[in-house]
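Q: A single structure is presented below for examination.
Residue numbers (full-length UniProt numbering): 1 to 151.
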């Protein structure tokens with residue numbers, strides 16, 4: 001899954017595709033700095049296990065979501081408590097202005113009109129709608145950015 005770099009300082013859905021530069025956790029009033037992913041060899045998600053950059057892991061300390069948790073996170077170190085993970089201080093992206101889905105070939109349809117209403121329209125609801133109907137791509141338009149997601 002790939003999103004526009006312009007939107008990278010927020011995350012959508014659960015942030016599994018987040019590739020921004022945030023490297024601090026939510027930890028009281030001052031977040032803790034993240035450890036580098038190549039410093040956490042004894043933990044499940046590290047550079048030794050994923051040397052080709054899978055899940056956005058690399059020789060950096062940016063927040064990622066390699067396990068599909070509810071939002072991006074990273075490992076931190078506390079002298080008295082050892083190494084553990086914490087969620088990162090990253091806002092969720094605002095809901096796109098238009099959403100839609102389309103087949104694997106051809107041009108995507110114009111994102112206009114409405115075939116129904118939802119009291120809780122989220123990106124996750126739209127992705128689920130597209131997947132259930134056999135579509136291969138999801139597209140959203142937010143501000144002046146058009147992004148396509150391969151399902």
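For glycine and all other residues, C-beta sits at the position ideal for the given N, C-alpha and C.
#1: Please state the DSSP three-state secondary structure of residue 115.
#2: Give every residue of the same chain whose Cβ lies closer than 6 Å to the Cβ of residue 83, excluding the five residues on either side of it in the sequence, and list them in chain order.
#3: Candidates 131, 130 and 17: which alpha carbon is nearest residue 64's?
#4: What are the residues that DSSP puts in a beta bridge with residue 76?
#5: Can you tell me the Cα-Cα spacing of residue 34 and residue 133, whole angstroms?
#6: I need the straight-line Cα distance from residue 130 to residue 81, nearest angstrom please.
#7: Does the distance from the C-beta atom of residue 25 to that of residue 87 stay below 9 Å?
#8: If residue 73 sits next to residue 55, beta carbons under 8 Å apart, how far is it from one beta carbon to the other, in whole angstroms?
#9: Just checking my contact of residue 37 with residue 20 at CB under 8 Å: how many whole Å lie between their CB atoms?
A: Taking the coordinates as given:
#1: Residue confidence is low: residue 115 scores 46 on pLDDT, short of 50, so the model does not pin down where it sits. No coordinate-derived value is stated.
#2: 75 and 77
#3: 17
#4: 84
#5: 40 Å
#6: 44 Å
#7: yes
#8: Not really, about 12 Å apart at Cβ, beyond 8 Å.
#9: Not really, about 15 Å apart at Cβ, beyond 8 Å.
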